[in-house]
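**Q** The structure is given below, and queries will be raised subsequently.
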Amino acid sequence: MLDDLPIIKEPGETLLFADDIECHILAENGRDAEVKLTPYLDEVSEWAKKWRFKFSAPKSSLINFTIQKKKQISPLLFISGSKIPEVKEIKHLGVYFDHGLRWTRQTEAVIQKTSKLKNLFKILTNTKHGPSIDSLVIMYKALVRSRIDYGIMVAGTSSQNRQKKIEAIQNGIMRIILGAPQSTPIKEMLLELDLQPITTRKSWLSGRYLIRVDKQPNHPMHQPCYNLRRKPINWKEHNTPALKLATAHTILADLNLYEEAKAHESRRNQPPPWTEMPITLDYLQIGKKEALANQTKARALFQEYKAQTENGTEAYTDGVGIIYNHTNTRWQHSTSGRRPGLPV
285 MLDDLPIIKE PGETLLFADD IECHILAENG RDAEVKLTPY LDEVSEWAKK WRFKFSAPKS
345 SLINFTIQKK KQISPLLFIS GSKIPEVKEI KHLGVYFDHG LRWTRQTEAV IQKTSKLKNL
405 FKILTNTKHG PSIDSLVIMY KALVRSRIDY GIMVAGTSSQ NRQKKIEAIQ NGIMRIILGA
465 PQSTPIKEML LELDLQPITT RKSWLSGRYL IRVDKQPNHP MHQPCYNLRR KPINWKEHNT
525 PALKLATAHT ILADLNLYEE AKAHESRRNQ PPPWTEMPIT LDYLQIGKKE ALANQTKARA
585 LFQEYKAQTE NGTEAYTDGV GIIYNHTNTR WQHSTSGRRP GLPV
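Going by this note's numbering, the first residue of the sequence shown is number 285, and it counts up by one from there.
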């Protein structure tokens, strides 16, 4: 059903994940955005009528990302006849996006969730037969660091004050795990538990992300990452600085990333494997009842089909053997004298 979902034209983009649909464009102001998005939303509404379901406008959201402080003109956008409400922040795939891309709500949510888990480690370390230090570190990585890592490539660009709060939560949990006093240097605790500072972790995750996207030419972020690597002058400073810093690290490490962009683009234009049959299939034009009643005709028809396949593979219907014919060689393997199936 989603195969024929209308896709917004470039420079806009439509992204799908499960049942979440997100589209975005670059516009000079609200009126420009309204002109560009209204025809597309009309197409989506018609597509919904075709499949007999309706989008819920109250559950949809419109957000204007801008760093300008002056008041912007809000576009009037409708879907399925209802107005899409405009919001100042939105939660998409577990990450809070605010209209100024300051990541205030996202970092506050991370601080709130992770700070509550400090009490859990206090209880476990004060237990007489509690878990070992290695087990506590595993719990920290699973319960706390996983929450910090999620979205850190973009949310890590928030204010220095909020980033220090997240770093302080990690340092506090490390002291609880080791039972270390306040005078213990943070670097020693990091070495003892084999952990990294949040800033170092952010750079490492960003570098790994770049390497993974390089191997996936159909990834939505492949072209932006290619532009970041090969055309860095077009990348604005406030556009995920973590990726820009990680790109600089890959250049210093002499990693040849995003070198074969043209080869990737040609690969994208190839049709998917299910649109064309890679091999030719043929079947005996005779039914089972007719073949049992007239076995002579069935044998003659089968031999006629068999003679037509010079280079091919004949598969047995019960999987007991296979006959492979080649121009210069003939190899036959069978475990019984059963009649072979149809030539492939």
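Just so you know, even glycine gets a beta-carbon here, dropped at the ideal spot from N, CA and C.
Could you check where the alpha helix (DSSP H) with Y589 kicks off and where it finishes?
**A** Here residue 589 is taken as the residue at index 305 of the sequence shown, counted from 1. Here the alpha helix (DSSP H) through Y589 covers Q579 to Q592.
**Q** Spatial neighbours of S345 within its chain, please: CB distance less than 6 Å, with the 5 preceding and 5 following residues excluded, ordered by chain position.
**A** Looking up residue 345 in the sequence shown gives position 61. Within the same chain, S345 has close Cβ partners V371 and I374.
**Q** Roughly how many angstroms separate the alpha carbons of N313 and P295, rounded to a whole number?
**A** By one-based count along the sequence shown, residue 313 stands at place 29. By one-based count along the sequence shown, residue 295 stands at place 11. Looking at the backbone, the Cα of N313 and that of P295 are separated by about 15 Å.
**Q** DSSP three-state label for D538, please.
**A** Taking the first residue of the sequence shown as position 1, residue 538 is located at position 254. DSSP places D538 in coil when its eight states are reduced to three.
**Q** Considering only C-alpha positions, which residue in the set D304, L310, L286 and K515 is nearest to E297?
**A** Along the sequence shown, one-based indexing puts residue 297 at 13. Nearest option by C-alpha distance: L310.
**Q** Leaving out five residues before and five after I357 in sequence, what residues of the same chain have Cβ atoms less than 7 Å from its Cβ?
**A** Counting from 1 along the sequence shown, the entry for residue 357 is found at position 73. Hits under 7 Å: N313, G314 and R315.
**Q** Does the region 443 to 458 come close enough to the region 420 to 432 to have 3 or more Cβ pairs within less than 8 Å?
**A** yes
**Q** Looking at the structure shown, is D304 part of a helix, part of a strand, or coil, going by DSSP?
**A** Stepping through the sequence shown from its first residue, residue 304 is reached at position 20. Strand.
**Q** Taking S442 and R386 to be in contact with their CB atoms under 8 Å, please state how far apart those CB atoms are, rounded to whole angstroms.
**A** Position 158 of the sequence shown, counted from the first residue, corresponds to residue 442. Position 102 of the sequence shown, counted from the first residue, corresponds to residue 386. Indeed, because the Cβ distance is near 6 Å, the residues count as touching under 8 Å.
**Q** Using the Cα positions of H548 and L377, report the straight-line distance between them to the nearest angstrom.
**A** Translated into the one-based positions of the sequence shown, residue 548 becomes position 264. Translated into the one-based positions of the sequence shown, residue 377 becomes position 93. Unreliable positioning characterises H548 in this predicted model, as indicated by a pLDDT of 49, which lies under 50. The coordinate reading is nonetheless provided below. Each residue's alpha carbon lies about 28 Å from the other.
**Q** Just tell me which of D382, I470 and N410 has its CA closest to the CA of A439.
**A** Numbered from 1 along the sequence shown, position 155 holds the residue referred to as residue 439. Here the closest residue by C-alpha is D382.
**Q** With the cut-off set at 8 Å, would you say E327 and P359 are in Cβ contact?
**A** Mapped onto the sequence shown, residue 327 falls at position 43. Mapped onto the sequence shown, residue 359 falls at position 75. No; because the gap between Cβ atoms is not below 8 Å, this pair is not in contact.
**Q** Nearest-angstrom Cα distance between I305 and L299?
**A** Translated into positions along the sequence shown, residue 305 becomes position 21. Translated into positions along the sequence shown, residue 299 becomes position 15. Roughly 6 Å separates the two Cα atoms.
**Q** Can you check DSSP and say which residues form a bridge with Q413?
**A** Within the sequence shown, numbered from 1, the residue matching residue 413 stands at position 129. The sequence given here places His at residue 413; Gln does not occur at that position. According to DSSP, H413 bridges with nothing at all.
**Q** Excluding sequence positions up to five away, which residues of its chain have a Cβ less than 7 Å from the Cβ of A464?
**A** Taking the first residue of the sequence shown as position 1, residue 464 is located at position 180. Hits under 7 Å: M473.
**Q** Indicate the three-state DSSP secondary structure (helix, strand or coil) for I357 in the structure shown.
**A** Start at 1 with the first residue of the sequence shown, and residue 357 comes out as number 73. If DSSP states are grouped into helix, strand and coil, I357 belongs with coil.
**Q** Quick check on DSSP: helix, strand or coil for L489?
**A** Looking up residue 489 in the sequence shown gives position 205. Correct three-state label for L489: helix.
**Q** Based on DSSP bridge pairs, tell me the residues matched to V376.
**A** Indexing the sequence shown from 1 puts residue 376 at position 92. Checking the displayed sequence, the identity of residue 376 turns out to be His instead of Val. H376 is bridged to V379.
**Q** Do the CB positions of L361 and L325 come within less than 8 Å of each other?
**A** For this step, residue 361 is matched to residue 77 along the sequence shown. For this step, residue 325 is matched to residue 41 along the sequence shown. Yes; because the gap between Cβ atoms is below 8 Å, this pair is in contact.
**Q** DSSP on T524, reduced to helix/strand/coil?
**A** For the purposes of this step, residue 524 is identified with residue 240 of the sequence shown, where counting begins at 1. In the structure shown, T524 sits in coil (DSSP, three-state: anything other than H, G, I, E or B).
**Q** To the nearest angstrom, how far is it from the Cα of R459 to the Cα of V421?
**A** Here residue 459 refers to the residue found at position 175 of the sequence shown. Here residue 421 refers to the residue found at position 137 of the sequence shown. Put simply, the backbone Cα of R459 is about 12 Å away from that of V421.
**Q** Can you list, in chain order, the residues of its chain whose CB lies under 6 Å from that of T531, leaving out five sequence neighbours each side?
**A** Reading the sequence shown from its first residue, position 247 is the one you call residue 531. Contacts found: L512 and R513.
**Q** If you draw a straight line from the C-alpha of V604 to the C-alpha of N502, how long is it?
**A** In the sequence shown, the residue the question calls residue 604 occupies position 320. In the sequence shown, the residue the question calls residue 502 occupies position 218. Legend: pLDDT at V604 = 48, less than 50; position of this residue unreliable, no value from coordinates given.
**Q** When the distance is taken between beta carbons, is S487 closer than 8 Å to A537?
**A** One-based indexing of the sequence shown puts residue 537 at position 253. One-based indexing of the sequence shown puts residue 487 at position 203. No, they are not a contact pair.
**Q** Pull up the CB-CB distance for Q390 and V379, whole angstroms please, since I reckon it's below 8 Å.
**A** For the purposes of this step, residue 390 is taken as the residue at position 106 of the sequence shown. For the purposes of this step, residue 379 is taken as the residue at position 95 of the sequence shown. Confirmed, Cβ separation roughly 6 Å.
**Q** Do the CB positions of I457 and Y424 come within less than 8 Å of each other?
**A** If you number the sequence shown from 1, residue 457 lands on position 173. If you number the sequence shown from 1, residue 424 lands on position 140. Yes, Cβ-Cβ distance for I457 and Y424 is below 8 Å.
**Q** Using 10 angstroms around the beta-carbon of R446, count the other beta-carbons present and answer buried if the total reaches 16, otherwise exposed.
**A** Here residue 446 corresponds to residue number 162 of the sequence shown, with the count starting at 1. Result: buried.
**Q** Thinking C-beta only, is A332 closer than 8 Å to S366?
**A** The sequence position of residue 366 within the sequence shown is 82, counting from 1. The sequence position of residue 332 within the sequence shown is 48, counting from 1. Cβ distance not < 8 Å, so S366 and A332 don't count as in contact.
**Q** Just to confirm my understanding: we take P369, look at its own chain, exclude 5 residues before and 5 after, and list those with CB closer than 8 Å. What are they?
**A** On the sequence shown, residue 369 is found 85 positions in, with the first residue counted as 1. If we look at P369 and ignore the five residues flanking it on each side, its Cβ neighbours are A341, P342, S344, S345 and L346.
**Q** Alpha carbon to alpha carbon, how far is Q444 from E392?
**A** For the purposes of this step, residue 444 is taken as the residue at position 160 of the sequence shown. For the purposes of this step, residue 392 is taken as the residue at position 108 of the sequence shown. Cα-Cα distance, rounded: 13 Å.
**Q** At the level of alpha carbons, what is the spacing between Q587 and P504?
**A** On the sequence shown, residue 587 is found 303 positions in, with the first residue counted as 1. On the sequence shown, residue 504 is found 220 positions in, with the first residue counted as 1. If you take the alpha carbons of Q587 and P504, they lie about 52 Å apart.
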